[in-house]
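Chemist:
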Amino acid sequence: MLDVRDLAFGFGARRVGADVTFALAKGETLAVLGGNGAGKTTLFRTLLGLLPALNGEIRVDGHAVATLPPRARARRLAYVPQQHAPTFGFTAEEAVLMGRVSHLSTFARPGSTDRAAAADALTRLGIEALAARPVTELAQQAPVLILDEPTASLDFGNRARVLAEIDRLRHGGLTIVFSTHEPDQALAHADRALLLADGRPLALDAVGSALTAANVGRLYRVRVRTVDAGGKHRVFVTE
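Counting along the sequence shown from 1, when you hit position 162 you're at 162 in the numbering used here, and nothing is skipped either side.
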């Protein structure tokens, strides 16, 4: 579904990262971890075709992202940025309906199917009561979803709701890439993990293999150990 080969990324002639290769099938989830400035957001913008790749290739559903027009990209790749400051006070329903643009012809207005998709998205997140209030969400129905730190600044309850929705979407067949600073979060909600250090992979493997105490310690430059939390679960703590 999402195939990335020998990718180098950056801004103009400035290279931020390189040597990124992975392939995700339908329903697979990749967690991307790295310190501040490691290149996670630049990588995501390159995967989306918002920045040109400096080297390598990105294919989604068999199509080279670089050759797809914006509408075709939007049908295949959905994006939730880390921060969003809308110019206008759109309602939640209006903002969600914007995610349906790739399904509409030029100058067409959202129809009953689009409004139903928006209502379903709001209901799944438990915020249908906020439909008339200005809040941002997504109802794009693309098969690949890219989330830049989706739980940043959320309280415990809302973080749990977002992570539960990620699990529901991956079990429903969506291919998901999300960034996080929480190794425990990646262990619980991803199939694989990419650890980016200065733009290059420090590790890329199944979460249980990539997220070792040694790798996490190297990634964040701290002493780390794991604590058995029962069953297959473990948590990371600093020493």
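Note that the Cβ used here is the ideal one computed from N, Cα and C, for glycine as well. Since we're looking at a predicted model, the values are computed, not measured.
1) I need the boundaries of the beta strand (DSSP E) containing E165, first residue and last residue.
2) With a threshold of 16 other CB atoms inside 10 Å of the CB of T42, please say whether the residue is buried or exposed.
3) Would the beta-carbon of A193 fall within 9 Å of that of V207?
4) Compute the distance between the beta-carbons of I60 and V144, then report whether it is under 9 Å.
5) So, for G34: in the same chain, excluding its five sequence neighbours on each side, which residues have a beta-carbon less than 6 Å away from its beta-carbon?
6) Taking 8 Å as the cut-off, does the CB of G111 come closer than this to any heavy atom belonging to the ligand HEM?
7) Out of curiosity, what's the CA-to-CA distance linking A119 and D228?
8) Give me, in chain order, the residues of the same chain whose beta-carbon lies closer than 8 Å to that of E93; leave out the 5 immediate sequence neighbours on both sides.
9) Quick check for students: name the residue ranges of the beta strand (DSSP E) that lie wholly in the region 37 to 77, counting only runs of 3 or more.
10) Among A31, M1, F11 and K26, which residue has its Cα nearest to the Cα of P150?
11) What are the boundary residues of the alpha helix (DSSP H) that includes G208?
12) Decide if the region 205 to 224 is in contact with the region 20 to 27; the criterion is three or more beta carbon pairs, one per stretch, under 8 Å apart.
13) Using DSSP bridges, identify the partner residues of G10.
14) Got a sec? Which residues, its chain only, sit under 7 Å from G199 by beta carbon, not counting five neighbours each side?
15) Leaving out five residues before and five after T238 in sequence, what residues of the same chain have Cβ atoms less than 7 Å from its Cβ?
Modeler: The short version:
1) As a first step, residue 165 is located in the sequence shown; it is residue number 165 there, counting from the start. Careful: E165 lies outside any beta strand (DSSP E), inside the alpha helix (DSSP H) at F156 to H171.
2) As a position in the sequence shown, residue 42 is number 42, starting the count at 1. Counting other Cβ atoms within 10 Å of its Cβ, T42 reaches 16 or more and is therefore classed as buried.
3) Residue numbering aside, residue 193 sits at position 193 when the sequence shown is read from its first letter. Residue numbering aside, residue 207 sits at position 207 when the sequence shown is read from its first letter. Closer than 9 Å, so yes.
4) Position 60 of the sequence shown holds residue 60. Position 144 of the sequence shown holds residue 144. The sequence as given places Val at residue 60; Ile does not occur at that position. In this structure, V144 lies closer than 9 Å to V60 by Cβ.
5) In the sequence shown, residue 34 corresponds to position 34, counting from 1. Non-local beta-carbon contacts of G34 in its own chain, meaning distances under 6 Å to residues more than five positions away in sequence, involve K40 and L196 in chain order.
6) Absence of the ligand HEM is noted for the structure shown, with no ligands found whatsoever.
7) Position 119 of the sequence shown holds residue 119. Position 228 of the sequence shown holds residue 228. Whole-angstrom Cα-Cα distance: 41 Å.
8) What you label residue 93 is simply residue 93 of the sequence shown in a count that begins at 1. Residues of the same chain with a CB within less than 8 Å of the CB of E93, apart from the 5 flanking positions on each side, are R115, A118, A119, L122, A131 and A132 in chain order.
9) Within the region 37 to 77, complete beta strand (DSSP E) segments of at least 3 residues are found at 55 to 60, given in chain order.
10) Working through the sequence shown from its first residue, we reach residue 150 at position 150. Nearest option by C-alpha distance: A31.
11) Position 208 of the sequence shown, counted from the first residue, corresponds to residue 208. Element bounds for G208: V207 to A210.
12) Output reads no: the region 20 to 27 does not touch the region 205 to 224.
13) Indexing the sequence shown from 1 puts residue 10 at position 10. Answer is R15.
14) Within the sequence shown, numbered from 1, the residue matching residue 199 stands at position 199. For G199, where only same-chain residues beyond five positions count, the Cβ hits under 7 Å are V16, G17, A18, A38 and G39.
15) Position 238 of the sequence shown, counted from the start, is the residue given in the question as residue 238. Within the same chain, and ignoring the five residues on either side of T238 in sequence, the residues whose Cβ sits closer than 7 Å to its Cβ are V222, R223 and V224.
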